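First up is the structure itself, then whatever we jot down about it.
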Amino acid sequence: MITRNTTFISRARRLTLLSWLIPLMALSGAVVAQERAASPDEAERSAILTLLQRFHDAASGGRAAEAADCLDVSALLDHAVATGLVPSNLLEHREPFLTGLREGVERGLSRNQWSFPDGKVTLRKVEASAPDRIVAITYTRGTAGYGSTMRWWLHRSGGTWRIGDFEDLDAGMRTSMIMGVTASQMGEGVPPAWVSRFQQLMMAAQRLQGEALEAAEILLDDLEDADFPPMIEALRRMLLAGCYVGAHRTEDALRMTDAAESLHADMPILHYLRAVAWNMEGHHEEALAAARQYLDRVGDDPEGLLQLAAAHDGLGQPTEARAAYERGLREAPDSMDLLHAYFWSVPADDDLDSLIKHIQAAPDPAQAFRVLADDAADTGDPIRLESLVHAMSQHLANEPLITYYLAHVENLRDRPGLAALLARGALSGLTEAEDRTAARRLFWDCQVQLGRAVEAYLEADQRDAAFDYMLEECDHPITASERLRLLEARCKDAPDDPFVALRLAQTLSELGEHARCYEVLVAHREAITTEEDYLVAFEDGFIRTCLFLGKADEALTVAQESTDRDDDPFFEVIVYAWKGDVRGVMAAMEVCVEDFGYDPAVFYHDADVGAKLRGPAFKPVREKFPPESSDW
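If you want this note's numbering, it's the 1-based position in the sequence shown plus 752.
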């Protein structure tokens, strides 16, 4: 199973509501058909799609009046009345109310309170619920890389299609519900008690959308006694299920989706949440069933297809999984989640022609290739990486980029010499700054493996970057002797750099060259100790070096200076133990343990003085401060 793909809301899925328009669940039965009509013909489908595209373009483009013209506010009010939340006295003045409603809708659109992706609208499903009445499901992939799945209630009057209501299926929001909640505060008398707590529900939804799961859960739990109407309580439970999925609390998530469904069945997102939870649990048969239910309701949703494919993968059905990935990529060719999962579902030595077609269909094929190739390189899979590189080499004009990844292949196969040659060759042709940095680092890594770190440093056009990478970040750790050569070379370029001096001293100590270590520390003492971050490291290294060289009194002086500064006699324990001074160790350790909370085992485990503290002379110390660990 590809567990990395079973996320709740991926980077591609984003809620489409902002500000006070927080997701609310769909209403089942607000427009239940009394009479089934024939499915719409191609001309009707074209007219419907034109209307919805016009609405999307106007709403996302800030043309509020044009977007409002696509709506039938009278029908929208009828849908809101069906929620049961609109006070009856408001309906006694329907026409003024409609005027205010139209102004409110247009004002909301002008303030971008409905946020629609600015992409092409695709009709997924269209059903005639009654003569001249249509329920349509659409998907829009925005240029920012996120999608929106919507359900629309449309009707035709005088030969013209208009929008009567719409719902964000990703979050379970229906606009008529928003109207109902707002209107419930406008009736005669005191508004229902739950109205005053509705704002908290909106805040919780915003926290969840921002992936602040714990904060969202706290707010939602606090609303358990809010006595919301069933449809709003179902929303609260659905949001809680989302929190639980995000926190991988799958049993709680499944329980809460059932609880939400018991109050309001027409929430397709519940099936999606179940699919994610079941995949996380490893119950792929159940995940498959839930994903199919979700897709049956909303059509080929990319995120739903991701869960369907993950379930097939978990069941050992690679053909079905790949088919699901391909369906998803046809809907969302820019989805790296789907492309990444598809890549890893294909056997490493299999034909990659279909994958390559999807990479080429991505908005930036070269970047999609980079992401997949980097992942294969990072996971140490030379076969998969080489298959991808060779397959892509026939389609990507960027030959230096291909050469760079071939260098990775050779490096993964423990052929650093050839990898270095390829990386150097790629570097001469790469133009993107990020690519050039990556090629340099690979070249330096290979040079470290070949024992040529110093030569690579001296040849580098960016010596600072070369030094930092080979010393601190290289995938293959540099040996102590090679590190010493590199630091000595660096000292010539940066003789006053306290970090370089300190690392040089540490390396000399590691190699047992204590006299040279002492010389470096003395020579650079002032520069190093003026850097607060390096002060303690200097004291530790200087004290231990002095002890190895028989300069115990000099070590004690520095230890006491440290104690005077921080009131912490840690280094005095080290020096007194080395000198065999039981009383000094006893006094210093008492302060460390009782005032600073040290575990005595820290001293008994110390590589330099632990053996001395275990000797017979220090038995009184061990009796007073027995080590808290039993394995010293």
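We treat Cβ as the ideally placed atom computed from N, Cα and C, and that holds for glycine. Given the structure is predicted, the values throughout are model-derived calculations rather than measurements.
Return the CA-CA distance between residue i and residue j, expressed in angstroms with no decimal places.
{"i": "R914", "j": "P792", "result": "15 Å"}
{"i": "Y1046", "j": "A1027", "result": "9 Å"}
{"i": "D1086", "j": "T901", "result": "16 Å"}
{"i": "R876", "j": "I984", "result": "27 Å"}
{"i": "V1297", "j": "A1267", "result": "Reading off the sequence, residue 1297 comes out as Thr, not Val. Each residue's Cα considered, the two are about 8 Å apart."}
{"i": "D917", "j": "V1050", "result": "17 Å"}
{"i": "A1143", "j": "A1149", "result": "13 Å"}
{"i": "C1243", "j": "I1326", "result": "31 Å"}
{"i": "V1343", "j": "A1307", "result": "19 Å"}
{"i": "R797", "j": "V878", "result": "8 Å"}
{"i": "Q961", "j": "P1070", "result": "33 Å"}
{"i": "W904", "j": "L823", "result": "11 Å"}
{"i": "A935", "j": "L837", "result": "7 Å"}
{"i": "A1369", "j": "E1240", "result": "42 Å"}
{"i": "L921", "j": "R1165", "result": "48 Å"}
{"i": "E1162", "j": "L1140", "result": "14 Å"}
{"i": "R1176", "j": "R1204", "result": "14 Å"}
{"i": "D1305", "j": "K1331", "result": "9 Å"}
{"i": "I1230", "j": "D1220", "result": "12 Å"}
{"i": "S826", "j": "T851", "result": "10 Å"}
{"i": "E1262", "j": "A1217", "result": "24 Å"}
{"i": "A817", "j": "I970", "result": "40 Å"}
{"i": "E1225", "j": "Q1059", "result": "36 Å"}
{"i": "R863", "j": "A820", "result": "13 Å"}
{"i": "Y1209", "j": "A1178", "result": "19 Å"}
{"i": "L1006", "j": "H1023", "result": "10 Å"}
{"i": "A1340", "j": "A1329", "result": "10 Å"}
{"i": "L1254", "j": "K1303", "result": "20 Å"}
{"i": "L853", "j": "T1002", "result": "42 Å"}
{"i": "I1295", "j": "Q1119", "result": "52 Å"}
Assign residue i to buried or exposed, taking buried as 16 or more other Cβ atoms, counted over all protein chains shown, within 10 Å of its Cβ.
{"i": "F1323", "result": "buried"}
{"i": "P1378", "result": "exposed"}
{"i": "V1200", "result": "buried"}
{"i": "L843", "result": "exposed"}
{"i": "T1155", "result": "buried"}
{"i": "N1031", "result": "buried"}
{"i": "P1054", "result": "buried"}
{"i": "T1259", "result": "buried"}
{"i": "F1348", "result": "exposed"}
{"i": "M990", "result": "buried"}
{"i": "Q958", "result": "buried"}
{"i": "G871", "result": "buried"}
{"i": "R1122", "result": "buried"}
{"i": "P1168", "result": "buried"}
{"i": "H845", "result": "exposed"}
{"i": "H1147", "result": "exposed"}
{"i": "R1366", "result": "exposed"}
{"i": "M1019", "result": "buried"}
{"i": "V1274", "result": "exposed"}
{"i": "G1293", "result": "buried"}
{"i": "R1317", "result": "exposed"}
{"i": "T1009", "result": "buried"}
What are the start and end residues of the beta strand (DSSP E) that includes residue i?
{"i": "I886", "result": "R885 to R893"}
{"i": "L906", "result": "G899 to S909"}
{"i": "W913", "result": "T912 to D920"}
{"i": "K877", "result": "V873 to A882"}
Could you tell me how far apart the beta carbons of residue i and residue j are, in whole angstroms, since I believe they sit closer than 8 Å?
{"i": "D1065", "j": "S1097", "result": "6 Å"}
{"i": "D1187", "j": "L1153", "result": "6 Å"}
{"i": "A1172", "j": "R1136", "result": "That pair is no contact at about 22 Å."}
{"i": "A1114", "j": "L1091", "result": "7 Å"}
{"i": "G994", "j": "E963", "result": "At roughly 10 Å, the Cβ-Cβ gap does not stay under 8 Å, so G994 and E963 are not in contact."}
{"i": "L1057", "j": "G1080", "result": "4 Å"}
{"i": "L828", "j": "M954", "result": "The Cβ separation is near 20 Å, so there is no contact."}
{"i": "L1238", "j": "Y1270", "result": "21 Å between Cβ atoms; not a contact."}
{"i": "Y1286", "j": "E1083", "result": "That pair is no contact at about 55 Å."}
At what residues does the alpha helix (DSSP H) containing residue i begin and finish?
{"i": "L823", "result": "Premise fails: L823 is in no alpha helix (DSSP H) and is neither H nor E."}
{"i": "V1334", "result": "V1334 to F1348"}
{"i": "A1027", "result": "I1021 to E1033"}
{"i": "A810", "result": "E794 to S812"}
Sorry if obvious, but does the Cβ on residue i come closer than 6 Å to a heavy atom of the ligand ZN?
{"i": "A1129", "result": "The ligand ZN is absent from the structure shown, which contains no ligands of any kind."}
Comparing the C-beta of residue i with each C-beta of chain D, is any distance below 7 Å?
{"i": "A999", "result": "Note that chain D does not occur in the displayed structure, where there is just one protein chain."}
Next on the checklist: Whether or not the stretch 903-919 and the stretch 809-818 are in contact is what I'm after, with contact meaning three or more pairs of Cβ atoms, one per stretch, closer than 8 Å; do they touch?
Outcome noted: no
Checklist entry - Quick check: the stretch 941-950 against the stretch 917-930, are there 3 or more CB pairs under 8 Å? => result no
Checklist entry - With a cut-off of 8 Å, do at least 3 Cβ pairs link the stretch 881-891 to the stretch 853-865? => result no
Next on the checklist: Count Cβ pairs between the stretch 1272-1279 and the stretch 1309-1317 that sit closer than 8 Å; are there 3 or more?
Outcome noted: no
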